[in-house]
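Enquirer:
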Amino acid sequence: MDTRSPEQRRRIMQAVGTKSTRPEIVVRRRLHALGYRFRLHRKDLPGKPDIVLPGRRLAIFVHGCFWHWHGCPKGQLPKSRQDYWLPKLARNRERDRTNEERLESLGWRVVTIWQCETVDTDALDARLRRVVDRSEKPIDIQGPLR
0 MDTRSPEQRR RIMQAVGTKS TRPEIVVRRR LHALGYRFRL HRKDLPGKPD IVLPGRRLAI
60 FVHGCFWHWH GCPKGQLPKS RQDYWLPKLA RNRERDRTNE ERLESLGWRV VTIWQCETVD
120 TDALDARLRR VVDRSEKPID IQGPLR
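Going by numbering that gives the first Met the number 0, the sequence shown opens with residue 0, and the numbers climb by one from there.
1. Report yes if the CB atom of Leu57 is closer than 8 Å to the CB atom of Asp124, and no otherwise.
2. Looking only at its chain, what residues have a beta carbon closer than 7 Å to the beta carbon of Leu127, apart from the 5 residues adjacent to it on each side?
3. For the beta strand (DSSP E) that Val110 lies in, which residues bound it at each end?
4. Quick test of your reading: His67 and Asn91, contact by CB under 8 Å. State the CB separation rounded to the nearest angstrom.
5. Report back the beta-carbon spacing between Val130 and Val110 to the nearest angstrom; my notes put them in contact at under 8 Å.
6. In three-state DSSP terms, what is Arg38?
7. Measure the Cβ-Cβ separation of Ile112 and Ile59 and say whether it is below 8 Å.
8. Go to Val25, then tell me how far its beta strand (DSSP E) extends in each direction, as first and last residue.
9. Can you name, in chain order, every residue of its own chain whose Cβ lies under 8 Å from the Cβ of Cys71, other than the five neighbours on each side?
10. Over what stretch of residues does the alpha helix (DSSP H) that includes Leu146 continue unbroken?
11. Which first and last residues belong to the alpha helix (DSSP H) in which Val131 is found?
12. Since Leu52 sits in a beta bridge, which residues does DSSP pair it with?
13. Skipping 5 residues on each side, what residues in its chain have a beta carbon closer than 6 Å to that of Ile140?
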């Protein structure tokens with residue numbers, strides 16, 4: 000049973016945004032503090048990634064654990080109205096998978112940062128460094144300077 004009235008629940012759900020969410024802002028601030036520059040919500044890319052590092056061909060999605068059915072404590076299926084939530088969240092996951100495949104087929108690396116990962120900023124910084132640095136273009140040692 001929901002602890003909120005239908006009107007309260009409606010207002011809460013309407014307030015949920017798709018851009019500049021709190022976890023997304025945390026990731027953007029951490030990337031900026033680490034010295035990386037990026038673009039936001041590129042409409043010309045499949046799925047409109049939250050953060051794009053075009054020079055590194057890296058697309059980052061910052062997913063809310065509930066909305067994208069992560070599996071952590073925040074990403075659990077609600078106990079009420081499962082006939083509504085199960086198909087909705089399954090469609091979200093399928094859409095995420097499709098967008099990731101389309102981006103990869105265009106030559107982009109795709110990374111998903113989950114809402115629960117944004118709590119520990121030290122671990123988030125380390126992951127962001129690994130992800131971004133791994134996507135750097137390799138130096139061509141066999142290049143034309145022989």
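In this text, a Cβ means the ideal position worked out from N, Cα and C, and glycines have one as well.
Expert: Well, looking at it:
1. no
2. Arg29, Leu30 and Leu33
3. Arg108 to Trp113
4. 6 Å
5. 5 Å
6. strand
7. yes
8. Note, Val25: premise wrong, no beta strand (DSSP E); alpha helix (DSSP H) at Arg21 to Ala32.
9. Cys64, Trp113 and Cys115
10. In the structure as shown, the chain starts at 0 and stops at 145, and residue 146 therefore has no counterpart that could be examined.
11. Thr120 to Arg133
12. Leu57
13. Low confidence applies here, because Ile140 scores a pLDDT of 39, under 50, leaving its location unreliable; read the following figure in that light. Result list for Ile140: empty, nothing under 6 Å.
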